[in-house]
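Sequence positions in the sequence shown follow this note's numbering and run 239 to 609.
Idealized CB from N, CA, C, for every residue including glycine.
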Amino acid sequence: MPEPTADFTAALRRTLAGVDTADARALWRALGVGGVVAALCPDGGNQPDPRRLAALLTELDARCPLGVTLSVCVQVATVLPLLSEATTAGPATGPVAETVAGMVRGETVVALAVTDAGASGSDLLDATTRAKLGDDAVTLDGGKEWITNATTCDAALVLARHREPRHFTSFCWLLVPISTPGVTVEPTGRAFAGSGVGQLRFDGVALEPNALVGRPGRALAGFARQVGVERLAGALWSRAICRRLLTGLGKWLRARPAADGTLWDHPAVRERYARCLVALRQLDALCAPLLDGPPGPPSTVTGMVLKVAAAETVETIAAEAVHLRGADAFRDGGEAALRTEAAMFGIAGGATGTMLAGLADHADDLLGSGP
Ligand SMILES: Cc1cc2nc3c(=O)[nH]c(=O)nc-3n(C[C@H](O)[C@H](O)[C@H](O)COP(=O)(O)OP(=O)(O)OC[C@H]3O[C@@H](n4cnc5c(N)ncnc54)[C@H](O)[C@@H]3O)c2cc1C
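Right under this line is the structure:
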């Protein structure tokens, strides 16, 4: 029987042939024109199908710098579903609907601007970016940092405080065209090439009321739910990275001369490699039920477990790939560079420490949910 994603993967591979995979915008355009973005969500829904998402991230990981895959990942897992849901529930015309259509065609790139310049990324309730909502206009002031696609986007989906109480209902989403007067963009160093990661500043940015995405007060709850899909995507992507690293490492160990044979013949080396295989199988096992499940966010607890497991598995395997490969790991584009960037799996979209604190709060649920 053919794989349910076989047609999708075949179309995806055709789409990616000949595209400059180091250029996130060119890649996004190709994914739109090739119908890949539209095909991610089956039956006209707003959420990506987990198997198609896994196929997309695996194919991108095999071809693109990590930063470019990140650029696509945040759009398909978080931005597009959030905007599409707002369009389904709200006005079918206007800037939000136009932006969704532009994204699906690959013409429009939208950044997700949540992490606030004025507060720790783990503590969104203290975010200081503020929206003043009036009848005829919305004004935005503040700043966001470490935003993927900041330097390459057409617009940013910005989480802003519209009420003062430190409560999850105090936040709204605004869709902010990057060319609006008062918006400034600065790149964040040279790490994560192709991701467009940068900082956004908003100084008295005046927007039309139709820049509001969804109902004010619902933004943080919606984000907390949707970030589960981003965490699943991260786990599926980190699985692909681990599989790619172990495949390359296995080939290299079998070819690397040592004593009478190759490095692969050393029991100690094989044991270290086998431990990595076990770690990957554990991550596979965590992802398996979700691959067969319906599109949409997993439970909060499952999302946090996935986030920690993905970060720790990729860290374990990337570290072992560096150590086993020795000096060769430091060649251009080698495992050492990948390991540094892959540390972002323990930070972006929720730091491991914060996830662990949340999981400890759910200890009774987790202990009670075993087989
Ligand atoms: C490559 C990359 C891309 C990113 N892209 C985006 C993007 O597109 N959009 C966006 O909005 N953001 C983005 N981010 C930002 C990212 O989401 C934040 O970095 C993340 O939420 C962590 O916030 P922080 O860096 O401020 O760390 P902090 O929240 O300051 O945390 C620092 C450390 O303290 C620990 N800690 C903090 N609070 C707690 C707690 N309550 N319990 C236990 N430990 C705690 C954490 O484990 C962490 O190790 C990106 C980051 C990176 C690295």
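Three-state secondary structure assigned by DSSP to residue i
i, result
"residue 568", "helix"
"residue 464", "helix"
"residue 585", "coil"
"residue 343", "coil"
"residue 204", "Residue 204 is absent from the model: the chain starts at 239 and stops at 609."
"residue 239", "Low confidence applies to residue 239: its pLDDT is 40, below 50, so where it sits in the model is not reliable enough to give any reading."
"residue 246", "helix"
"residue 253", "helix"
"residue 385", "strand"
"residue 444", "strand"
"residue 495", "strand"
"residue 406", "helix"
"residue 419", "coil"
"residue 425", "strand"
"residue 551", "helix"
"residue 538", "helix"
"residue 331", "coil"
"residue 390", "coil"
"residue 500", "strand"
"residue 302", "coil"
"residue 431", "coil"
From the options, residue whose alpha carbon lies closest to that of residue i
i, options, result
"residue 299", "531, 594, 596, 472", "472"
"residue 579", "342, 431, 512, 530", "431"
"residue 617", "317, 288, 562", "The shown model of the chain, from 239 to 609, leaves out residue 617, and the question about it has no answer."
"residue 564", "490, 517, 499, 365", "490"
"residue 256", "246, 245, 269, 244", "269"
"residue 356", "443, 438, 592", "438"
"residue 391", "424, 368, 371, 379", "424"
"residue 244", "260, 274, 464, 262", "274"
"residue 591", "308, 386, 361, 464", "361"
"residue 281", "600, 584, 537, 532", "532"
"residue 373", "512, 383, 449", "449"
"residue 319", "498, 506, 460, 513", "460"
"residue 376", "451, 336, 312", "451"
"residue 446", "278, 466, 418", "418"
"residue 386", "462, 337, 444, 311", "311"
"residue 262", "313, 412, 286", "313"
Nearest-angstrom Cβ-Cβ length linking residue i and residue j, presumed shorter than 8 Å
i, j, result
"residue 250", "residue 301", "Not confirmed; about 11 Å, so no contact."
"residue 284", "residue 331", "17 Å between Cβ atoms; not a contact."
"residue 188", "residue 289", "Residue numbering for the chain in the displayed model covers 239 to 609; residue 188 lies beyond these limits and cannot be assessed."
"residue 305", "residue 433", "3 Å"
"residue 388", "residue 349", "5 Å"
"residue 440", "residue 427", "About 21 Å separates the two Cβ atoms, so there is no contact after all."
"residue 334", "residue 324", "6 Å"
"residue 535", "residue 464", "6 Å"
Which residues DSSP lists as bridging residue i, in chain order
i, result
"residue 351", "396"
"residue 594", "According to DSSP, which records beta bridges pairwise, residue 594 is partnered with nothing at all."
"residue 286", "Residue 286 is not bridged to any residue."
"residue 369", "378"
"residue 411", "397, 451"
Sequence-distant residues of the same chain with beta carbon closer than 8 Å to residue i, five excluded per side
i, result
"residue 405", "363"
"residue 478", "292, 295, 296, 299, 300"
"residue 566", "490, 572"
"residue 494", "500, 501, 502"
"residue 240", "Summary for residue 240: the model assigns pLDDT 44, below 50, so the residue's position carries little reliability; its value from the coordinates is reported in the next sentence. Hits under 8 Å: none found."
Own chain partners of residue i with C-beta closer than 6 Å, once the 5 adjacent residues on each side are dropped
i, result
"residue 258", "264"
"residue 547", "521, 524"
"residue 559", "483, 487, 573"
"residue 588", "545"
"residue 271", "344"
"residue 415", "393"
Residue i Cβ short of 6 Å to ligand 2 heavy atom set
i, result
"residue 461", "Among the ligands modelled here, namely ligand 1, ligand 2 does not occur."
Cutoff 7 Å; reference residue i; Cβ partners in own chain excluding five residues on either side
i, result
"residue 248", "none"
"residue 340", "346"
"residue 603", "539"
"residue 596", "542"
"residue 517", "551, 554, 555"
"residue 368", "379, 380, 398, 399"
"residue 454", "371, 400, 410"
"residue 474", "291, 292, 295, 525"
"residue 583", "472, 476, 548, 549, 552"
"residue 342", "270, 275, 276"
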